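Enquirer: Handing you a structure now.
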Amino acid sequence: ECVEHAGSLARPLRARLHEEFVAREAANGVRTSVTHGEVRHCLRHTGLTVRNEVLTPLGYSVDMEVRLDEEDGGGGGPRLALLIEVDGPSHFLGGGRLPFGKTQLKRRLLTRHAPLLSIGYWEWCALEAEGCGAEELAWKRGNFLSTRLSTLLREWAPPRAGGSGGGRSAHAHALRADSPLLPFSAP
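Take 304 as the starting number for the sequence shown in this note's numbering and just add one per residue.
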């Protein structure tokens, strides 16, 4: 009897906690970094539809969402949402490369529902070599994003009905490693 009663209390409490979490996440406001803006600009420059600061059904805000048609990246098939996070130094211990627990938890929960690309601040900054012109930098950034997104889709496996993900991605054919997502050519 006690177990049955506890279960009935857990549902309303869980719903109330979720509502509170969503409200607090929304109240934090939108803060975007320069790097976030550069990544968004690069993605939009390629013709992709990018939504900025999207609140997910889990209550988390993600930096960007890119929607693709499952069949070919642009046709009329079912849609697939790719989530993109641009993680600055505040997401990592001591400004290093080891993410804080809350960043790890957010990533783990989001990847159970959609492919997530996390771009560390050092990865984006490394593309800016001395003497690199604007055209070459745009090419490097486009190539970086194309490679990372293609790899993500090739490796991501959606969760099975029973719970955990696994196996080959049902969306792996949306982008193939041999057909880049972003239409950049060498400078």
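Where is the CB? At the ideal position from N, CA and C, for every residue including glycine.
On a predicted model such as this, the values are computed, not experimentally measured, just so you know.
Which residues in the same chain as LEU396 place their Cβ atom closer than 7 Å to its Cβ, once the five residues preceding and following it in sequence are excluded?
Expert: Here residue 396 refers to the residue found at position 93 when the sequence shown is read from its first residue. Answer for LEU396: PHE403, listed in chain order.
Enquirer: Inspect the beta-carbon positions of VAL353 and ARG343 and report whether they are closer than 8 Å.
Expert: Taking the first residue of the sequence shown as position 1, residue 353 is located at position 50. Taking the first residue of the sequence shown as position 1, residue 343 is located at position 40. A contact, by the Cβ cut-off of 8 Å.
Enquirer: CYS319 by DSSP, collapsed to three states: which one?
Expert: Residue mapping note: residue 319 aligns to position 16 of the sequence shown, counting from 1. Looking at the sequence itself, residue 319 is Arg, so the reference to Cys does not match. ARG319 falls in the helix class under three-state DSSP.
Enquirer: ASP375 to ARG382, Cα distance in whole Å?
Expert: As a position in the sequence shown, residue 375 is number 72, starting the count at 1. As a position in the sequence shown, residue 382 is number 79, starting the count at 1. Caution is warranted here: a pLDDT of 45 is assigned to ASP375, below 50, making its placement in the model unreliable, and no coordinate value can be reported.
Enquirer: What does the Cβ neighbour count give for GLY445, buried or exposed, with the cut at 16 atoms within 10 Å?
Expert: Looking up residue 445 in the sequence shown gives position 142. So GLY445 ends up on the buried side.
Enquirer: In whole angstroms, give me the CA-to-CA distance for TRP442 and ALA417.
Expert: Position 139 of the sequence shown, counted from the start, is the residue given in the question as residue 442. Position 114 of the sequence shown, counted from the start, is the residue given in the question as residue 417. Answer to the nearest angstrom: the Cα atoms are 27 Å apart.
Enquirer: What is the DSSP secondary structure of SER336, counted as helix, strand or coil?
Expert: Sequence index remark: in the sequence shown, residue 336 carries index 33 (1-based). In the structure shown, SER336 sits in coil (DSSP, three-state: anything other than H, G, I, E or B).
Enquirer: If you check the beta carbons only, do LEU361 and LEU412 fall under 8 Å apart?
Expert: Position 58 of the sequence shown, counted from the start, is the residue given in the question as residue 361. Position 109 of the sequence shown, counted from the start, is the residue given in the question as residue 412. Yes, the pair counts as a contact, with Cβ atoms nearer than the cut-off.
Enquirer: On a CA-only basis, which of ALA460, TRP427 and CYS435 is nearest LEU448? Give me that one, please.
Expert: For the purposes of this step, residue 448 is taken as the residue at position 145 of the sequence shown. Comparing Cα positions, the closest option is TRP427.
Enquirer: Can you look up ARG354 in the DSSP assignment and give me helix, strand or coil?
Expert: Here residue 354 is taken as the residue at index 51 of the sequence shown, counted from 1. Note: ARG354 maps to strand in three-state DSSP.
Enquirer: Where do the N-terminal and C-terminal ends of the alpha helix (DSSP H) with SER393 fall, by residue?
Expert: Residue numbering aside, residue 393 sits at position 90 when the sequence shown is read from its first letter. No alpha helix (DSSP H) holds SER393; DSSP gives it neither H nor E.
Enquirer: Around the C-beta of LEU371, are 16 or more other C-beta atoms found within 10 angstroms, so that it is buried, or is it exposed?
Expert: By 1-based counting over the sequence shown, the position of residue 371 is 68. Buried.
Enquirer: With a threshold of 8 Å on Cβ separation, who are the neighbours of TYR363 within its own chain once the five nearest residues in sequence on each side are excluded?
Expert: Translated into positions along the sequence shown, residue 363 becomes position 60. If we look at TYR363 and ignore the five residues flanking it on each side, its Cβ neighbours are GLU328, LYS409, LEU412 and LEU413.
Enquirer: Starting from the C-beta of VAL369, find all residues in its chain whose C-beta is less than 6 Å away, skip the five residues before and the five after it, and write them out in chain order.
Expert: As a working note, residue 369 is residue 66 in the sequence shown. Same-chain partners within the cutoff: LEU351, VAL353 and LEU385.
Enquirer: Which of helix, strand or coil does DSSP assign to ARG382?
Expert: Position 79 of the sequence shown, counted from the first residue, corresponds to residue 382. ARG382 falls in the strand class under three-state DSSP.
Enquirer: Please report the straight-line C-alpha distance between ARG451 and GLY436, rounded to a whole angstrom.
Expert: Your numbering for residue 451 matches position 148 in the sequence shown. Your numbering for residue 436 matches position 133 in the sequence shown. Cα to Cα, ARG451 sits roughly 22 Å from GLY436.
Enquirer: In terms of DSSP beta bridges, what is GLU368 paired with?
Expert: For the purposes of this step, residue 368 is identified with residue 65 of the sequence shown, where counting begins at 1. Beta-bridge pairing links GLU368 to ARG354 and LEU386.
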